[in-house]
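In the working numbering, the protein residues as written are 1 to 127.
Beta carbons are placed, not taken as given, at the ideal position from N, Cα and C, and that holds for glycine.
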Amino acid sequence: MNTPKLILIAGPYASGTGGDPALMARNLARLEEAAWPLFEAGHVPMIGEWVALPVLRSAGASGPDHPLAAEVMYPTAARLIAHCDAVLRLPGESRGADQDVALARERGIPVYFSLDEVPGCAAPPHA
């Protein structure tokens, strides 16, 4: 059994959505698809939006298009990476996910680009 890792799942969330909540929800669902395979492999999956969105709501922001989002969304991911053991970078254009990869590399933690690269993990059958 591999040592469990806290793995940040990084990929598009708001990128390419034009602020459309339905498209952002679809992107979040894509990120979340990687959570089960990571968990099943003994790891702890983490997605920055799982933390940032409740923080925004508690600050009274209306959502990720609120001006306060810039002070919460990327900084949340940066704070999480300080505690993570690895990053899983999913496909798709995303400035935030690219920043996550850069921070992970600065910290010297692994960056995986597919579930198959994660120790003990395999891509889900539908991927």
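Where residue i falls: helix, strand or coil (DSSP)
i, result
"V55", "helix"
"I81", "helix"
"P64", "coil"
"G108", "coil"
"A41", "coil"
"A14", "coil"
Residue i versus the options, residue with shortest Cα-Cα distance
i, options, result
"G108", "L31, A82, G42 and R30", "A82"
"L68", "P54, P110 and L80", "P54"
"L28", "F39, G18, W50 and S62", "W50"
"F113", "P91, G42, I47 and G120", "P91"
"L31", "A41, I9, V44 and A52", "I9"
Element boundaries [beta strand (DSSP E), containing residue i]
i, result
"A10", "L6 to A10"
"A86", "A86 to R89"
"P45", "V44 to M46"
Residue environment, residue i, which counts as buried when at least 16 other CB atoms sit within 10 Å
i, result
"G70", "With the sequence shown as reference, residue 70 is identified as Ala, and Gly is not the correct amino acid for it. It is exposed - the Cβ of A70 has fewer than 16 other Cβ atoms within 10 Å."
"D100", "buried"
"V87", "buried"
"S58", "exposed"
"S94", "buried"
Endpoints, alpha helix (DSSP H) assigned at residue i
i, result
"A29", "P21 to E33"
Closer than 7 Å: residue i CB and nearest the ligand COA heavy atom
i, result
"I47", "Among the components modelled here there is no ligand, and therefore nothing to report on the ligand COA."
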